[in-house]
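Enquirer: With the first letter of the sequence shown counted as 1, position 303 gets the number 302 in numbering that gives the first Met the number 0; the numbers rise by one all the way through. Just dropping this structure here.
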Amino acid sequence: MVKPAQSTQLETNQPHLRRSVGFYGLMFVSLGSIIGSGWLLGALKAAKVAGPASLLSWVLTALIMATLALIHAELGAAYPAAGGTARFPLLAYGVVGGFVGGWVAWLQAVALAPVEVEASLEYLDNITWIKENLNLLTPSGTLTASGFGWATLLMAIFTFINLVGVKLLSESNSATVIWKTAVPLITIVVLLAMRFHPGNFTAGGGFAPAGAHGVFAALPVGVVFALQGFEQAVQVGGEARNPQKDISRAIITAMVIGTIIYLLLEVVFIGALDPAALVHGWDNPIEKGSFGPYATLATLAGAGWLAYILYADAFVSPAGTGLLYLGTSSRLSYAMGRDKMLPKTLGKLSIRGVPVWSIVLSFVVGEIMFLPFPSWQSLVSVITSATAIMYAFAPVAMAALRKRDPDRPRPYRAPAPKLIAPAGFVAANLVIYWSGFDITWKIVIAIVIGFLLFLGGRLTMTAAERPAVDWKAGVWIAPWLGGQVLIGYVGRYGESGNLKVLPEWVDLVVVIAFSLAIFYWAVSLAMDSDKVKATVDREAAELAA
Numbered sequence: 000m001v002k003p004a005q006s007t008q009l010e011t012n013q014p015h016l017r018r019s020v021g022f023y024g025l026m027f028v029s030l031g032s033i034i035g036s037g038w039l040l041g042a043l044k045a046a047k048v049a050g051p052a053s054l055l056s057w058v059l060t061a062l063i064m065a066t067l068a069l070i071h072a073e074l075g076a077a078y079p080a081a082g083g084t085a086r087f088p089l090l091a092y093g094v095v096g097g098f099v100g101g102w103v104a105w106l107q108a109v110a111l112a113p114v115e116v117e118a119s120l121e122y123l124d125n126i127t128w129i130k131e132n133l134n135l136l137t138p139s140g141t142l143t144a145s146g147f148g149w150a151t152l153l154m155a156i157f158t159f160i161n162l163v164g165v166k167l168l169s170e171s172n173s174a175t176v177i178w179k180t181a182v183p184l185i186t187i188v189v190l191l192a193m194r195f196h197p198g199n200f201t202a203g204g205g206f207a208p209a210g211a212h213g214v215f216a217a218l219p220v221g222v223v224f225a226l227q228g229f230e231q232a233v234q235v236g237g238e239a240r241n242p243q244k245d246i247s248r249a250i251i252t253a254m255v256i257g258t259i260i261y262l263l264l265e266v267v268f269i270g271a272l273d274p275a276a277l278v279h280g281w282d283n284p285i286e287k288g289s290f291g292p293y294a295t296l297a298t299l300a301g302a303g304w305l306a307y308i309l310y311a312d313a314f315v316s317p318a319g320t321g322l323l324y325l326g327t328s329s330r331l332s333y334a335m336g337r338d339k340m341l342p343k344t345l346g347k348l349s350i351r352g353v354p355v356w357s358i359v360l361s362f363v364v365g366e367i368m369f370l371p372f373p374s375w376q377s378l379v380s381v382i383t384s385a386t387a388i389m390y391a392f393a394p395v396a397m398a399a400l401r402k403r404d405p406d407r408p409r410p411y412r413a414p415a416p417k418l419i420a421p422a423g424f425v426a427a428n429l430v431i432y433w434s435g436f437d438i439t440w441k442i443v444i445a446i447v448i449g450f451l452l453f454l455g456g457r458l459t460m461t462a463a464e465r466p467a468v469d470w471k472a473g474v475w476i477a478p479w480l481g482g483q484v485l486i487g488y489v490g491r492y493g494e495s496g497n498l499k500v501l502p503e504w505v506d507l508v509v510v511i512a513f514s515l516a517i518f519y520w521a522v523s524l525a526m527d528s529d530k531v532k533a534t535v536d537r538e539a540a541e542l543a544a
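What follows is the structure, encoded as structure tokens:
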């Protein structure tokens, strides 16, 4: 970013975010977010919906995520800031765009820490001693009072590590990610060598027993959830030592590694299944109710030692990801607090340069999340849809900022920007649609509630404190979200509530056409160049302080 004039900088003796995270720390933050509970359950969930064609679900998701990752890489390098996904729409569309983008990003991030804690406890409950003595789960798989207590302890540990500072967060995560990456790789090698049935790829109704619908429907049940998280390097961009150079490299490297691992995991999962279990289809390809499918397959392959490692990893991987998301969700609320979109207390730092109140808020809201969503599966589709809405803001922001702020140094430039930006927006909207109407309308209601809180907060501010709003720049957001709900209502995806009247493939054409219309309209409505540059320079002044 262009360095602002000295007169615009904040006093250097004020608390500020510590720039202490290097390339490997950033890469491990993204990779550690990608490899969480999703790798342990994603393959099973996808296979049950799409059969062997779930491989196509992973390839499609990888293409979607790679497109969005390249866009985030450009934005993160050009506009490095804590809580970057909340900042990008703010820079292009002002306070309204910044709040909606930041609010939905915060919703998905703050929900991920508790969902990963739940995954850890669900796997630990497979150990006989823990099951008999700790009583973590009910027979239906939800948390008991004891389970809630242990979940609270894990959340408290995550909070303590984040309060100590981002350097400890990065260092503790780096060690965890090495383990989290090694275990899936060992699993791939062992299952390929000891238990692999090529005939499984055409068993149970053929390669694609559920057709194209199954391929698309598999995305929101765990595939997108597994591969999301690359943007976490952007969220801590304000604490990177060399953000212009390292953020883009970290995002792309993490995305490539994560994609290769997940594709290979799906291959070995399908190949290691018992062929007899697939005779009647893919509804129950492995022991019903098993929370540890890879551990079960390792035992059947005669590698009991690997099963023990997998049960250990079933705790370490989700816990490591939960630790990261408690930290990055706090950076989002910090960003919105600093920009006076949420209470300004959230935008304050301790003397150690840590957003204490934002971290405490993430802990409290995470605890509340355990109550209405006391199991892993109950939150996954909701998080997927919210993440897709968050991701959708980046392509329109990149196109708008290239148009309104063309002279800004961009250390990394996404290839074919005129193609990749609208493609990224379309891809995110398809994921929202595939998540289903019954999920989409709930997310939109949560956004409306957040916007009402935003308006209420403005009423409590003095005229001098209240940030100016460019209502015209954000006018496209309501028709976009409302249109998604309407298309979902007449579309074919979701478990309940929708009409399912749009024919197969026609529904996708409708989503694509609608998305492109919204995209080009949104880009045309961005704030004018003077306002964009003033907002960017104000952000740069605070970062340089």
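Note that the Cβ used here is the ideal one computed from N, Cα and C, for glycine as well.
Is it buried or exposed for P317, if we count other Cβ within 10 angstroms and need 16 for buried?
Expert: Reading the sequence shown from its first residue, position 318 is the one you call residue 317. Burial call: buried.
Enquirer: Considering only C-alpha positions, which residue in the set A427, Y122, R407 is nearest to A393?
Expert: As a first step, residue 393 is located in the sequence shown; it is residue number 394 there, counting from the start. Among A427, Y122, R407, the Cα nearest to that of A393 belongs to A427.
Enquirer: Can you say whether S119 is buried or exposed, counting buried as having 16 or more other CB atoms within 10 angstroms of its CB?
Expert: Mapped onto the sequence shown, residue 119 falls at position 120. Counting Cβ neighbours within 10 Å, S119 comes out buried, since at least 16 surround it.
Enquirer: Does the Cβ-Cβ distance between S514 and P219 come in under 8 Å?
Expert: Position 515 of the sequence shown holds residue 514. Position 220 of the sequence shown holds residue 219. Not closer than 8 Å, so no.
Enquirer: Considering Cα atoms alone, identify which of V315, S332, Y492, D536 is closest to F453.
Expert: Indexing the sequence shown from 1 puts residue 453 at position 454. When only C-alpha atoms are compared, the closest one is S332.
Enquirer: By a C-beta neighbour count over all protein chains shown, 10 Å radius and 16 as the cutoff for buried, is N545 buried or exposed?
Expert: The question about residue 545 has no answer here: the residues shown for the chain are numbered 0 through 544.
Enquirer: When DSSP labels each residue in this structure, what does A209 get in the three-state scheme?
Expert: In the sequence shown, counting from the first residue as 1, residue 209 sits at position 210. Here A209 sits in coil by DSSP.
Enquirer: Assign I177 to buried or exposed, taking buried as 16 or more other Cβ atoms, counted over all protein chains shown, within 10 Å of its Cβ.
Expert: Position 178 of the sequence shown, counted from the first residue, corresponds to residue 177. I177 comes out exposed.
Enquirer: Identify, in the order they occur along the chain, each residue of the same chain with its Cβ nearer than 7 Å to the Cβ of K244, setting aside the five sequence neighbours on each side.
Expert: To locate residue 244, count along the sequence shown from 1; it is residue 245. Within the same chain, K244 has close Cβ partners P410.
Enquirer: Please go through the stretch 377 to 433 and give each complete alpha helix (DSSP H) segment of 4 or more residues, from N-terminal end onward.
Expert: Those alpha helix (DSSP H) runs which fall completely within the stretch 377 to 433 and span 4+ residues do not exist here.
Enquirer: So, does the stretch 130 to 144 touch the stretch 340 to 358, judging by three or more C-beta pairs under 8 Å?
Expert: no
Enquirer: Between the stretch 465 to 474 and the stretch 377 to 397, can you find at least three pairs of beta-carbon atoms closer than 8 Å?
Expert: no
Enquirer: Using three-state DSSP, classify V58 as helix, strand or coil.
Expert: Mapped onto the sequence shown, residue 58 falls at position 59. Reduced to three states, the DSSP call for V58 is helix.
Enquirer: What residue from M193, V500, V222, G365 has the CA that sits closest to A52's CA?
Expert: On the sequence shown, position 53 is the one that residue 52 refers to. It is V222.
Enquirer: With respect to 7 Å, is the separation between the Cβ of S29 and the closest non-hydrogen atom of the ligand SAH below this value?
Expert: The ligand SAH is absent from the structure shown, which contains no ligands of any kind.
Enquirer: In the DSSP assignment, find the unbroken alpha helix (DSSP H) run with K441 in it and report its ends.
Expert: Numbered from its first residue, the sequence shown carries residue 441 at position 442. Counting along the chain, the unbroken alpha helix (DSSP H) around K441 starts and ends at 436 to 458.
Enquirer: Just tell me which of E238, L69, Q107 has its CA closest to the CA of T386.
Expert: Locating residue 386 in the sequence shown gives position 387, counting from the first residue. Of the candidates E238, L69, Q107, the one whose C-alpha sits nearest the C-alpha of T386 is Q107.
Enquirer: If you reduce the DSSP assignment to three classes, tell me which class V522 lands in.
Expert: For the purposes of this step, residue 522 is identified with residue 523 of the sequence shown, where counting begins at 1. If DSSP states are grouped into helix, strand and coil, V522 belongs with the helices.
Enquirer: Using DSSP with H/G/I as helix, E/B as strand and the rest coil, what is L498?
Expert: The sequence position of residue 498 within the sequence shown is 499, counting from 1. DSSP places L498 in coil when its eight states are reduced to three.
Enquirer: Run through DSSP, which three-state label would H272 get?
Expert: Taking the first residue of the sequence shown as 1, we reach residue 272 at position 273. According to the sequence as given, residue 272 is Leu; it is not His. It is coil, neither helix nor strand.
Enquirer: Can you give the Cα-Cα distance for E366 and P354, rounded to whole angstroms?
Expert: Indexing the sequence shown from 1 puts residue 366 at position 367. Indexing the sequence shown from 1 puts residue 354 at position 355. Those two C-alpha atoms are separated by around 19 Å.
Enquirer: Excluding sequence positions up to five away, which residues of its chain have a Cβ less than 7 Å from the Cβ of S56?
Expert: What you label residue 56 is simply residue 57 of the sequence shown in a count that begins at 1. Hits under 7 Å: A45, A49, V214, A217, L218, V222.
Enquirer: What are the boundary residues of the alpha helix (DSSP H) that includes Q483?
Expert: Here residue 483 is taken as the residue at index 484 of the sequence shown, counted from 1. 476 to 489 is the extent of the alpha helix (DSSP H) around Q483.
Enquirer: Drop a sphere of 10 angstroms on the beta-carbon of T258, count the other beta-carbons inside from all chains shown, and report buried for 16 or more, exposed for fewer.
Expert: For the purposes of this step, residue 258 is taken as the residue at position 259 of the sequence shown. Buried is the call here.
Enquirer: Jot down the residue ranges of each uninterrupted beta strand (DSSP E) in the stretch 258 to 332, minimum 3 residues, whole runs only, in chain order.
Expert: Taken in chain order, the complete beta strand (DSSP E) segments of 3 or more residues contained in the stretch 258 to 332 number zero; there are none.
Enquirer: Count the CB pairs spanning the stretch 26 to 37 and the stretch 245 to 255 that are closer than 8 Å, and state whether there are at least three.
Expert: Contact between the stretch 26 to 37 and the stretch 245 to 255 is present, because at least three Cβ pairs lie under 8 Å.
Enquirer: Can you round the beta-carbon distance between F98 and M460 to whole angstroms, since I take them to be within the 8 Å contact cut?
Expert: Residue 98 sits at position 99 when you count from the first residue of the sequence shown. Residue 460 sits at position 461 when you count from the first residue of the sequence shown. For F98 against M460, the beta-carbon gap comes to about 14 Å, at or over 8 Å, which does not count as contact.
Enquirer: What number of angstroms, rounded off, separates the C-alpha of S384 from the C-alpha of V266?
Expert: Your numbering for residue 384 matches position 385 in the sequence shown. Your numbering for residue 266 matches position 267 in the sequence shown. For S384 and V266, the distance between alpha carbons rounds to 26 Å.
Enquirer: What separation, rounded to the nearest whole angstrom, lies between the Cα atoms of V20 and E230?
Expert: What you label residue 20 is simply residue 21 of the sequence shown in a count that begins at 1. What you label residue 230 is simply residue 231 of the sequence shown in a count that begins at 1. C-alpha separation (whole angstroms): 15 Å.
Enquirer: Using 10 angstroms around the beta-carbon of D506, count the other beta-carbons present and answer buried if the total reaches 16, otherwise exposed.
Expert: As a working note, residue 506 is residue 507 in the sequence shown. That one is buried.
Enquirer: Assign G326 to buried or exposed, taking buried as 16 or more other Cβ atoms, counted over all protein chains shown, within 10 Å of its Cβ.
Expert: The residue you call residue 326 lines up with position 327 of the sequence shown. With 16 or more Cβ atoms within 10 Å of its Cβ, G326 is classed as buried.
Enquirer: Of the residues P274, S329, F22, which one's Cα is nearest the Cα of T158?
Expert: Position 159 of the sequence shown, counted from the first residue, corresponds to residue 158. Looking at the Cα atoms, S329 is the closest of the given residues.
Enquirer: Quick check on V353: does DSSP put it in helix, strand or coil?
Expert: For the purposes of this step, residue 353 is taken as residue 354 along the sequence shown, with counting starting at 1. V353 falls in the coil class under three-state DSSP.
Enquirer: Starting from N616, follow the alpha helix (DSSP H) in both directions and report where the run begins and ends.
Expert: Given a span of 0 to 544 for the chain in the structure shown, any question on residue 616 remains unanswerable.
Enquirer: Can you pull the DSSP bridge partners for V20?
Expert: Walking along the sequence shown from the start, residue 20 turns up at place 21. According to DSSP, V20 bridges with A239.
Enquirer: From L345 to A462, what distance separates their C-alpha atoms?
Expert: Within the sequence shown, residue 345 is the residue found at index 346, counting from 1. Within the sequence shown, residue 462 is the residue found at index 463, counting from 1. Approximately 20 Å between the Cα atoms of the pair.
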